[in-house]
Structure formats: C-alpha cells, structure tokens
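Colleague: Right, I'll just put the structure down here and ask away after.
In structure tokens:
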C-alpha cells in the first residue's frame, strides 16, 4: 500500500459545507476518504474516456424480447465480445421486457466498442454502463 501524503486544499466555505453534507449522507468516515473515492472515480472515468487501460464494469440493458431478432442479436453480439464478458444475468421483468446485467473486464476500447454495438440492437430500451479501473 502506498504511503499517505498530506496536502492542503483551499475551497469556498459554502462548497466545503456541501461536501460535508455529502460525506455524512454517504456515511463516509472523513473528508480524506471521500476525496480518495472521488479521485479514483474521476481517474477511472478518464481511463474509460481515453479508451486506454483495463477496465471493469457492468452494462445493464432493458429490452423488448418480442422485437424481431433482439434476443438473437444480443446473443451473437455477446459471443463476438466473449473475451471481455465475465458473465451475464438475465431477468424476465414482465411478459414483454427482459433485463440483462453484463459483467465486463477488458481493454477500455473493446468495452467502448461493445457499448456502441449494443446501441445498434433493435429492441433495446435502455443501456446503463458503470465502469471502474484499478488505480
């Protein structure tokens, strides 16, 4: 584990008050832990947006399985990106809708390509992606 480094940060009092409310609302131990989490989150997003490095994450999709070829297209696409897919959980939400949570690990560019490819599948209603990187 890296050694901790102390540094000073100057912020407006009103911003610090809002930050303290955020910390209490999240149940975080202190400002330092909150800052560490925010920094990690931001750097993970930068890794993701640059398309560099290995990322981990989930893609949650909601789709209408009655739409022609929706299920087959999703299965085919998941096979195309099989090296990045760890597992998939499929839930029958109701008579028309299915929800899938796809757990991913791989090169950020590959994961971005998978997300883009999902967007072209007919029948998908929503796509929600959550990405993290080990920093």
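Residue numbers (the working numbering): 3 to 137. C-beta atoms are modelled at their ideal positions from N, C-alpha and C, and glycine is treated no differently.
#1: So which of 133, 124, 137 has the shortest CA-CA distance to residue 69?
#2: Assuming residue 59 contacts residue 113 (C-beta within less than 8 Å), just tell me the rounded distance between them.
#3: When the Cα atoms are used, what is the spatial distance from residue 12 to residue 79?
#4: Beta-carbon within less than 8 Å of residue 52's beta-carbon, same chain only, minus the 5 sequence neighbours each way: which residues are those?
#5: I'd like the ranges of any beta strand (DSSP E) spanning at least 3 consecutive residues and lying wholly in the region 10 to 41.
#6: Here's the rule: buried if 16 or more other CB atoms are within 10 angstroms of the residue's CB, otherwise exposed. What is residue 85?
#7: Given residue 99, which residues of its chain have a CB within under 8 Å of its CB, disregarding the five upstream and five downstream residues?
#8: At which residue ranges does the region 27 to 109 contain complete alpha helix (DSSP H) runs of 4 or more residues, listed in the order of the chain?
#9: Output the boundary residues of the beta strand (DSSP E) element that contains residue 129.
#10: Out of curiosity, what's the CA-to-CA distance linking residue 75 and residue 90?
#11: Please classify residue 117 as buried or exposed, where buried requires at least 16 other C-beta atoms within 10 Å of its C-beta.
#12: Should residue 61 go down as buried or exposed, given a rule of 16 or more other Cβ atoms within 10 Å for buried?
#13: Could you name the residues of the same chain whose beta carbon sits closer than 6 Å to that of residue 93, not counting the 5 residues immediately before and after it, in chain order?
Modeller: Reading off the structure:
#1: 124
#2: 7 Å
#3: 49 Å
#4: 110
#5: none
#6: exposed
#7: 64, 65, 66, 67, 127
#8: 33 to 52, 72 to 82
#9: 126 to 134
#10: 15 Å
#11: buried
#12: buried
#13: 101
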